[in-house]
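Colleague: Quick one: the structure is below, questions incoming.
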Amino acid sequence: SNNALVEVPEEIGYLVRLEQLLLSGNPQLTSLPRTVRDLSSLELLNLDFCAISSLPSEITYVSRLIDLSLAKNRLVALPPDLGRLTRLCRLNLAGNAITDLPLSTGRCVSLGELGAGIVLDGCPIQNHEMVAAARVGPDHLLRFLEAREAAVHGMSLPPLPELAPHNLLTRRGTGPKQAYQPVTINMA
Numbered sequence: 116s117n118n119a120l121v122e123v124p125e126e127i128g129y130l131v132r133l134e135q136l137l138l139s140g141n142p143q144l145t146s147l148p149r150t151v152r153d154l155s156s157l158e159l160l161n162l163d164f165c166a167i168s169s170l171p172s173e174i175t176y177v178s179r180l181i182d183l184s185l186a187k188n189r190l191v192a193l194p195p196d197l198g199r200l201t202r203l204c205r206l207n208l209a210g211n212a213i214t215d216l217p218l219s220t221g222r223c224v225s226l227g228e229l230g231a232g233i234v235l236d237g238c239p240i241q242n243h244e245m246v247a248a249a250r251v252g253p254d255h256l257l258r259f260l261e262a263r264e265a266a267v268h269g270m271s272l273p274p275l276p277e278l279a280p281h282n283l284l285t286r287r288g289t290g291p292k293q294a295y296q297p298v299t300i301n302m303a
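Quick look at the structure:
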């Protein structure tokens with residue numbers, strides 16, 4: 116962080132055991148090399164306060180990525196295959212010029228697991244339904260993104276079930292013979 120970097124060397128891809136890459140605060144850093152694809156152990160990538168104008172599509176092959184922070188850059192779009200990042204729990208896009216998220220974002224099923232989800236503060240998102248879902252919380256935004264992708268591909272998603280005490284189940288046992296048994300919750 117804050118190293119006056121102008122570029123990230125192609126050789127970064129050789130660091131296959133690298134788990135965290137903190138490059139924030141480098142205002143002359145405008146791009147990442149395509150070799151970022153080879154960072155197979157990377158879980159955290161922080162590029163806040165740089166001048167990144169686009170991400171290489173190869174970033175979507177960093178399958179262990181959990182936290183991608185891109186606040187205060189110059190991004191106007193994200194790679195269309197962002198949905199490959201199924202382990203992604205946090206995506207910080209605050210302060211960018213992004214007007215929409217890729218359709219595939221709904222496949223990032225872990226978004227929100229750490230409570231953060233997608234941060235869109237200061238982004239001129241044009242889809243009012245997306246903005247409303249984001250205001251409610253990460254789960255609503257993810258559900259909106261899933262439904263939007265399904266609608267484009269001609270699929271429909273079932274509505275989320277209402278949970279009532281009579282239909283809660285818990286797993287009992289281990290292995291292939293485990294059974295689901297009802298749990299009674301007394302709220303009195």
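Position 163 of the sequence shown, counted from 1, bears residue number 278 in the numbering used here, the numbering being contiguous throughout. Ideal Cβ placement from N, Cα and C applies to all residues, glycine included. Since the model is a prediction, treat every value here as computed from it, not as a measurement.
What separation, rounded to the nearest whole angstrom, lies between the Cα atoms of LEU138 and ARG132?
Modeller: 17 Å
Colleague: How many angstroms separate the CA atom of PRO148 from the CA atom of LEU130?
Modeller: 13 Å
Colleague: To which residues does DSSP link ASP182 through a beta bridge?
Modeller: LEU159, ARG205
Colleague: Just reading off the alpha helix (DSSP H) that LEU137 is part of, what are its end residues?
Modeller: Unbroken run through LEU137 is the beta strand (DSSP E), 135 to 137; no alpha helix (DSSP H).
Colleague: Per the contact definition of three or more C-beta pairs closer than 8 Å, is the region 177 to 192 in contact with the region 204 to 220?
Modeller: yes
Colleague: Near ASN282, what residues of its chain come up, given a Cβ to Cβ distance below 6 Å and the 5 sequence neighbours on each side ignored?
Modeller: Note on ASN282: pLDDT 41, under 50, position unreliable in the model; the coordinate value appears next. There are no such residues.
Colleague: If we ignore side chains and look at the alpha-carbon of each, how far apart do THR220 and ARG263 end up?
Modeller: 10 Å
Colleague: Going by the CB atoms, is the gap between LEU203 and LEU235 shorter than 7 Å?
Modeller: With respect to the 7 Å criterion, LEU235 and LEU203 are not classified as neighbours on the basis of their beta carbons.
Colleague: On the DSSP letters alone, give me the boundaries of the beta strand (DSSP E) that VAL234 sits inside.
Modeller: 232 to 234
Colleague: Going along the chain, which residues of its own chain have a beta-carbon closer than 8 Å to the beta-carbon of PRO124, five neighbours each way excluded?
Modeller: PRO148
Colleague: Comparing alpha-carbon positions, which option in LEU216, ARG205, SER184 lies nearest PRO195?
Modeller: LEU216
Colleague: Can you check which of these residues, ALA192, LEU180, VAL246, is closest to ARG199 by C-alpha distance?
Modeller: LEU180
Colleague: Using C-beta distances below 6 Å, list every residue in its chain close to LEU206, excluding the 5 sequence neighbours before and after it, in chain order.
Modeller: LEU183, ILE233
Colleague: Looking at C-alpha atoms only, which residue of SER169, SER168, VAL177 is the closest neighbour of LEU136?
Modeller: Checking every option, the nearest Cα to that of LEU136 belongs to VAL177.
Colleague: Between ALA249 and VAL121, what straight-line distance do the alpha-carbon atoms span, to the nearest angstrom?
Modeller: 34 Å
Colleague: Tell me whether PRO253 sits in a helix, a strand or coil according to DSSP, three-state version.
Modeller: helix
Colleague: Are the beta-carbon atoms belonging to GLU173 and GLU134 less than 7 Å from one another?
Modeller: no
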